[in-house]
Amino acid sequence: MARRHHKSRADTSSISTAPQVDVSTIVKGVIDDIRDNGDAAVRTYSERRSRTKGMVDSFTKCWAKELPPKYGCTVNAVSPGPTMTEGFAAAGKEQMKVLQPIIDQTPVWPRMAQPDEIAYAVAFLCEERARWINGAHLIASGGLFID
-12 MARRHHKSRA DTSSISTAPQ VDVSTIVKGV IDDIRDNGDA AVRTYSERRS RTKGMVDSFT
48 KCWAKELPPK YGCTVNAVSP GPTMTEGFAA AGKEQMKVLQ PIIDQTPVWP RMAQPDEIAY
108 AVAFLCEERA RWINGAHLIA SGGLFID
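Using the working numbering, you'd call the opening residue of the sequence shown number -12 and step up by one each time.
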């Protein structure tokens, strides 16, 4: 996530926005994997999460070095844990039962995050007072994925 702190000398008209992602399709895919494959899928989910976290860490650090001098911004990432979004809500009770053992492992409280809890983490990084935070990867998961 890039945020402007001061007027940039660069022309920002060429900055593109990220493509829209259908989160409900991704959530349903993960839930289907867990339901269809049982424990093997949980391990696969954990492995996928670890690999994805490594990728997010890598591009956040890379962009945090390259983009601020050019665009006058900071670059940080927020990785939410399971969050009760419309996609998860639409998954249905049966599929939520499959995810419940993972959700029950959340140290802060055995539940999914609310969207406003994740939004607060993002808003924190967008505040002017956070202008010195650059290259951070904030994991907002209630401690679920503490490595």
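Built from N, CA and C at the ideal position, the CB exists for glycine as well. This structure is a prediction, so every number in the text was calculated from the model and none was measured.
Legend entry - Y58 to A76 span [Cα, whole Å]: On the sequence shown, residue 58 is found 71 positions in, with the first residue counted as 1. On the sequence shown, residue 76 is found 89 positions in, with the first residue counted as 1. Answer to the nearest angstrom: the Cα atoms are 38 Å apart.
Inset, instruction - My understanding is that T61 touches R118, with C-beta atoms under 8 Å, so please give their C-beta distance in whole angstroms. - result: By 1-based counting over the sequence shown, the position of residue 61 is 74. By 1-based counting over the sequence shown, the position of residue 118 is 131. About 7 Å separates the beta carbons of T61 and R118, which is inside the 8 Å limit, making them a contact pair.
Legend entry - Exposure label - W50; buried when at least 16 CB within 10 Å: Reading the sequence shown from its first residue, position 63 is the one you call residue 50. By the neighbour-count rule (16 or more Cβ atoms within 10 Å), W50 is buried.
Inset, instruction - Check whether the Cβ atoms of T93 and G130 lie closer than 8 Å to each other. - result: Translated into the one-based positions of the sequence shown, residue 93 becomes position 106. Translated into the one-based positions of the sequence shown, residue 130 becomes position 143. Between T93 and G130, the C-beta gap is smaller than 8 Å, which places the two residues in contact.
Inset, instruction - With DSSP collapsed to three states, give me the class of V62. - result: Here residue 62 is taken as the residue at index 75 of the sequence shown, counted from 1. Under the three-state reduction of DSSP output, V62 falls in the strand class.
Legend entry - Near the ligand ATP: D91 beta-carbon under 7 Å from a heavy atom: Looking for the ligand ATP in the displayed structure turns up nothing, as the structure carries no ligands at all.
Inset, instruction - Measure the CB-CB distance between V65 and L125 and report whether it falls below 8 Å. - result: The residue you call residue 65 lines up with position 78 of the sequence shown. The residue you call residue 125 lines up with position 138 of the sequence shown. Yes, Cβ-Cβ distance for V65 and L125 is below 8 Å.
Inset, instruction - Output the boundary residues of the beta strand (DSSP E) element that contains L86. - result: By one-based count along the sequence shown, residue 86 stands at place 99. No beta strand (DSSP E) contains L86, which is instead part of the alpha helix (DSSP H) from 80 to 90.
Legend entry - Limits of the unbroken alpha helix (DSSP H) element including A108: Translated into the one-based positions of the sequence shown, residue 108 becomes position 121. A108 -> alpha helix (DSSP H) spans 102 to 113.
Legend entry - Beta-carbon separation (whole angstroms), M67 vs I120, contact threshold 8 Å: Numbered from 1 along the sequence shown, position 80 holds the residue referred to as residue 67. Numbered from 1 along the sequence shown, position 133 holds the residue referred to as residue 120. It is Pro, not Met, that sits at residue 67 in the sequence shown. Going by Cβ atoms, the distance from P67 to I120 rounds to 18 Å, so no, they are not a contact pair.
Inset, instruction - Ignore the nearest five residues each way along the sequence and tell me which others in V95's own chain have a CB closer than 7 Å to its CB. - result: For the purposes of this step, residue 95 is identified with residue 108 of the sequence shown, where counting begins at 1. Taken in chain order, the residues that qualify are G129, G130.
Legend entry - Residues sharing a beta bridge with T70, DSSP: Sequence index remark: in the sequence shown, residue 70 carries index 83 (1-based). Checking the DSSP bridge columns, you'll see T70 partnered with A100.
Inset, instruction - Label A110 either buried or exposed according to how many other C-beta atoms from any shown protein chain fall within 10 Å of its C-beta, with 16 as the threshold for buried. - result: Position 123 of the sequence shown, counted from the start, is the residue given in the question as residue 110. Within 10 angstroms of the beta-carbon of A110 lie fewer than 16 other beta-carbons, which makes it exposed.
Inset, instruction - Grab the span of the beta strand (DSSP E) containing I126 for me, first residue to last. - result: As a working note, residue 126 is residue 139 in the sequence shown. Note, I126: beta strand (DSSP E), 124 to 127.
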